[in-house]
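Encoded as structure tokens, the structure appears first; notes follow it.
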Amino acid sequence: MTKANNYQLPSNFELDKSVQLFKAFGDQTRYKILFLLADKSLSVNEIAEEIGISQSATSHQLKLLRQTELVRGIRAGQKINYELSDQHIITIFEQVREHVRERDPYHRK
Numbered sequence: 007m008t009k010a011n012n013y014q015l016p017s018n019f020e021l022d023k024s025v026q027l028f029k030a031f032g033d034q035t036r037y038k039i040l041f042l043l044a045d046k047s048l049s050v051n052e053i054a055e056e057i058g059i060s061q062s063a064t065s066h067q068l069k070l071l072r073q074t075e076l077v078r079g080i081r082a083g084q085k086i087n088y089e090l091s092d093q094h095i096i097t098i099f100e101q102v103r104e105h106v107r108e109r110d111p112y113h114r115k
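Those letters in the sequence shown? Residues 7 to 115, per our numbering, in order.
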């Protein structure tokens with residue numbers, strides 16, 4: 007007979023939301039968009055130009071990022087600028103970069 011462990015697994019809601027976030031971060035184009043928005047809010051065209059993909063492809067990726075609540079659009083007249091939803095996303099980026107750089111032989115001290 008095995009001893010029961012007292013692990014508190016995440017709720018289904020928390021699991022679903024967490025997996026959605028990791029999926030959003032798991033695409034290079036979306037990751038680039040999030041990285042750009044960590045510095046300032048940008049329009050679809052500004053993002054598309056910076057990462058070198060079409061406005062249509064950028065809009066599609068932004069839609070997915072909005073659905074996961076990582077990004078929000080702020081209307082400024084006729085134009086919509088996109089920004090990160092909150093500070094937690096920047097913290098995630100900082101943690102990931104620190105983790106990756108620890109293993110990168112070119113960034114080791």
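Glycine included, every Cβ here is placed at the ideal spot set by N, Cα and C.
Identify the residues that DSSP records as bridge partners of residue i: which are they?
| i | result |
| --- | --- |
| residue 80 | 87 |
Please name the residue, chosen from the options, that lies closest to residue i on a Cα-to-Cα basis.
| i | options | result |
| --- | --- | --- |
| residue 18 | 11, 26, 90 | 26 |
| residue 74 | 13, 41, 82, 36 | 36 |
| residue 44 | 110, 99, 33, 106 | 99 |
| residue 101 | 16, 41, 13, 50 | 41 |
| residue 82 | 16, 69, 103, 47 | 47 |
| residue 76 | 59, 85, 28 | 28 |
Just the C-alpha distance for residue i and residue j, rounded to the nearest angstrom, thanks.
| i | j | result |
| --- | --- | --- |
| residue 96 | residue 39 | 12 Å |
| residue 108 | residue 22 | 30 Å |
| residue 34 | residue 14 | 33 Å |
| residue 78 | residue 92 | 9 Å |
| residue 88 | residue 80 | 6 Å |
| residue 67 | residue 31 | 11 Å |
| residue 60 | residue 86 | 17 Å |
Indicate, with yes or no, if the ligand SAM has a heavy atom lying under 6 Å from the CB of residue i.
| i | result |
| --- | --- |
| residue 59 | Of the ligands one can find in the structure shown there are none, so the ligand SAM has no counterpart to examine. |
With 16 as the cutoff for other CB atoms within 10 Å, does residue i come out buried or exposed?
| i | result |
| --- | --- |
| residue 50 | buried |
| residue 106 | exposed |
| residue 63 | exposed |
- Query: Where are the alpha helix (DSSP H) runs, 4 residues long or more, that stay fully inside the region 24 to 105, in chain order?
  - Reply: 34 to 43, 50 to 57, 61 to 73
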